[in-house]
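Asks:
Protein chains: 2
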Amino acid sequence: MKETLKAFKVLSDETKMRILNILLERECCVCEVMQALEISQSKASRGLSALYDVGFLKQRKDGLWSLYSIDKDNISGYKSQLVEAVQEALKHNKKIALDKERLKKASRNGARCNSSFDGDAICQPNAT
Amino acid sequence: MKETLKAFKVLSDETKMRILNILLERECCVCEVMQALEISQSKASRGLSALYDVGFLKQRKDGLWSLYSIDKDNISGYKSQLVEAVQEALKHNKKIALDKERLKKASRNGARCNSSFDGDAICQPNAT
DNA sequence: TGCATATATGCAGGCATATGCATATAGTGA
DNA sequence: TCACTATATGCATATGCCTGCATATATGCA
Numbered sequence: 001m002k003e004t005l006k007a008f009k010v011l012s013d014e015t016k017m018r019i020l021n022i023l024l025e026r027e028c029c030v031c032e033v034m035q036a037l038e039i040s041q042s043k044a045s046r047g048l049s050a051l052y053d054v055g056f057l058k059q060r061k062d063g064l065w066s067l068y069s070i071d072k073d074n075i076s077g078y079k080s081q082l083v084e085a086v087q088e089a090l091k092h093n094k095k096i097a098l099d100k101e102r103l104k105k106a107s108r109n110g111a112r113c114n115s116s117f118d119g120d121a122i123c124q125p126n127a128t
Numbered sequence: 129m130k131e132t133l134k135a136f137k138v139l140s141d142e143t144k145m146r147i148l149n150i151l152l153e154r155e156c157c158v159c160e161v162m163q164a165l166e167i168s169q170s171k172a173s174r175g176l177s178a179l180y181d182v183g184f185l186k187q188r189k190d191g192l193w194s195l196y197s198i199d200k201d202n203i204s205g206y207k208s209q210l211v212e213a214v215q216e217a218l219k220h221n222k223k224i225a226l227d228k229e230r231l232k233k234a235s236r237n238g239a240r241c242n243s244s245f246d247g248d249a250i251c252q253p254n255a256t
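The listed protein sequences correspond, in order, to chains X and U.
Quick note: the first sequence, position 42, residue 42 per our numbering, numbers continuous.
Take the position in the second sequence, starting the count at 1, then add 128; the result is the number in our numbering.
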């Protein structure tokens, strides 16, 4: 039961729901998530690891990069239903569409994420 | 998006998830929910109204009683997927089975809920 | 009209979560 | 070994949620 509650709770957060959505497009490193969602590095990293902890994501390392993707092979039962619910709920959402647009232009180290680009400064507050 | 997040959030709480589950069995008044889950009156009432606010439940009044049930006619899309995910996640859960057992014995005013039976006192802490 | 019962809700305390900031950690290449 | 970059995380703070307690509200009945 605790596990189930955690799965619902992780997804009841805008950032994490958006992260899950772009990962449905393709595998991403933390850096690309930052760029796609225009969020800070710590926010991206924490969001990803929260989704990982609950079992929605798998992770692999490639040099400096930490690459996350949907753990399709291990998502089943209610968890796959949750992922489908997220997709269904947001399939016509504007913000999500923007995220996906930006994701296309995003790239590993393409933006020199941590230094020159500072998501913290750019990211607007919780406007919906 | 806010609406979607609220739907996930409401269900990321044990009490509300259990309430949703027993309502899948049948319509209940607040009193019966208290008895089935062995929780306090305010907890039952607030849980029900939270689920109502998000659109999972409908409500009708019958004299003193406030009767809640799953709003099947208006639950569609991602919300019905969420309800299904809850059912799937908890279909073999022991606590849920107990809730349903107690629900069978529960009745409107059968326990003189507010006075003699005090859920607050009986209900054990958050053991899982 | 007054009492009993069922439900809703204001308030306050406690707890969990989200997040920015700063920093630690770990690869990479010179 | 050192500088650089990507990622993870400790700390402090702000915010929101859960819940019990007490009380208000509403309905039925004598």
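Every residue gets a Cβ at the ideal spot worked out from N, C-alpha and C, and that includes glycine.
Owing to the predicted nature of the structure, the values given are computational and were not obtained by experimental measurement.
Could you tell me if Gln163/U is buried or exposed, where buried requires 16 or more neighbouring beta carbons within 10 angstroms of its beta carbon?
Replies: Looking at its Cβ environment, which holds 16 or more other Cβ atoms inside 10 Å, Gln163/U is buried.
Asks: Based on Cα-Cα distance, which residue from Gly191/U, Leu218/U, Ile150/U lies nearest to Gly175/U?
Replies: Per the Cα distances, Ile150/U.
Asks: For chain U, find out if any of its Cβ atoms is closer than 7 Å to the Cβ of Leu51/X; answer yes or no.
Replies: No, Leu51/X does not count as interfacial toward chain U.
Asks: Three or more C-beta pairs closer than 8 Å, one from the stretch 25 to 42 of chain X and one from the stretch 86 to 93 of chain X: is that the case here?
Replies: Touching, no.
Asks: Can you give, in chain order, each stretch of the beta strand (DSSP E) that sits fully within the stretch 179 to 250 of chain U and has at least 3 residues?
Replies: Qualifying beta strand (DSSP E) stretches, in chain order: 185 to 190, 193 to 198.
Asks: Classify Lys171/U as buried or exposed, calling it buried when 16 or more other Cβ atoms lie within 10 Å of its own Cβ.
Replies: Per the 10 Å Cβ criterion, buried.
Asks: Please determine, among Gln169/U, Tyr196/U, Asp190/U, the residue with the shortest C-alpha to C-alpha distance to Asp181/U.
Replies: The residue with the shortest Cα to Cα distance from Asp181/U is Tyr196/U.
Asks: Evaluate contact between the stretch 5 to 14 of chain X and the stretch 129 to 145 of chain U, counting only Cβ atoms and requiring at least three cross-stretch pairs below 8 Å.
Replies: Short answer: they touch.
Asks: Where do the ends of the alpha helix (DSSP H) carrying Leu23/X lie?
Replies: Note, Leu23/X: alpha helix (DSSP H), 14 to 23.
Asks: Rounded to the nearest angstrom, what separates Asp246/U and Ile167/U at their Cα positions?
Replies: The pLDDT assigned to Asp246/U is 40, lower than 50, so where the model puts this residue is not dependable; a value taken from the coordinates is nonetheless given after this. Spanning the two alpha carbons is a distance of roughly 8 Å.
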